[in-house]
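Right, one structure below, let's go through it.
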Amino acid sequence: MKGNLVITIGRQCGSGGKKIGETIAERLGVKCYDKELLTLAAKNSGLCEELFETHDEKPTSSFLYSLVMDTYSMGYSSSSYLDMPLNHKVFLAQFDTIKKLADEESCVIVGRCADYALAEYPNVVNVFITGKDEDRIAYLSELYKVEPAKAKDIMVKTDKKRASYYNYYSSKKWGDSRSYDLCINSSAVGIEGAVDMILKLAQVKQDWIKKQNK
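The following block contains the structure:
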């Protein structure tokens, strides 16, 4: 990593996390990776892109977690990788792609355990975006043009899926403040306010790292 700044964003469904990530990227003049990460991972791994869309942020069983990470440490040419279920190959491909991006450029990455993948990278700012349920439901209702009851169902199921995925593949807990550098309630500060706070934290953290390395 060549001093690249990477901001990772975990988010509750409907909290505006993606919009916040995109706005940060625009302010910094860098790229924001969300679904785009799937295309890159497919290209880098040689796996079909449709597989990444099918398994995107989908939970797996905790029983297989150690197998996945043991295989990662052994390399993709090992027999255990060749025999691995597709959803685990998809995870490892994304894991590698996230590291590759951090090595090559400053960027913003939304979701997909990016904070965990980059745990050993010092110049990374890890953020989690939450929001009031009523605000998130209203946002999703407008986004998908559905009734509030349906929007709430989407919100609950998506959050459950993201939490399961994160908790199984990382050593941390989704949404737990101890897992991040900063947790923000977008209902309290709005999109632009959240962006300002994250950019300020990024600057403070970079200054602190420089001071520690003197």
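So the mapping is simple: my numbering equals the position in the sequence shown, first residue as 1, plus 462.
C-beta: ideal position from N, C-alpha, C; glycine also.
- Item | Nearest-angstrom Cα separation, counted from A611 out to Y495 | Each residue's alpha carbon lies about 30 angstroms from the other.
- Message: Looking at the secondary structure, which residues open and close the alpha helix (DSSP H) in which N506 lies?
- Response: That run of the alpha helix (DSSP H) goes E498 to S507.
- Would you decide whether A650 is buried or exposed? Buried here means 16 or more other CB atoms lie within 10 Å of its CB. Looking at its Cβ environment, which holds fewer than 16 other Cβ atoms inside 10 Å, A650 is exposed.
- Message: Which of the three DSSP states is assigned to R473 in this structure?
- Response: Per DSSP, reduced to three states, the secondary structure at R473 is strand.
- Message: So the candidates are D565, E582, D643 and I591; which of them puts its Cα closest to the Cα of I482?
- Response: When C-alpha distances from I482 are compared across D565, E582, D643 and I591, the shortest belongs to I591.
- Message: Taking the beta carbon of I599 as the centre, do at least 16 other beta carbons fall within 10 Å, making it buried, or is it exposed?
- Response: Result: buried.
- Alpha carbon to alpha carbon, what distance is there between D643 and G465? Separation of G465 and D643 (C-alpha to C-alpha, rounded to the nearest whole angstrom) is 18 angstroms.
- Task: Assuming D638 contacts T470 (C-beta within less than 8 angstroms), just tell me the rounded distance between them.
- Result: Wrong, their Cβ atoms sit about 15 angstroms apart, outside the cutoff.
- Query: Can you give, in chain order, each stretch of the alpha helix (DSSP H) that sits fully within the stretch 555-637 and has at least 4 residues?
  - Reply: Counting only runs of at least 4 residues, the stretch 555-637 fully encloses the following alpha helix (DSSP H) elements, listed from N- to C-terminal order: 576-579, 595-606 and 610-631.
- Cβ of E582 within 9 angstroms of any chain C Cβ: Annotation note: the requested chain C is absent from the structure, which comprises a single protein chain.
- Skipping 5 residues on each side, what residues in its chain have a beta carbon closer than 7 angstroms to that of E484? Taken in chain order, the residues that qualify are C494.
- Task: Output the distance between the C-alpha atoms of L580 and Y601, rounded to the nearest integer angstrom.
- Result: L580 and Y601: Cα-Cα distance of roughly 30 angstroms.
- C475 versus D658, K667 and S648, residue with shortest Cα-Cα distance: For C475, the nearest C-alpha among the options comes from S648.
- Message: Given a cut-off of 9 angstroms on the beta-carbon distance, is the pair N585 and Q668 in contact?
- Response: Cβ atoms of N585 and Q668: closer than 9 angstroms.
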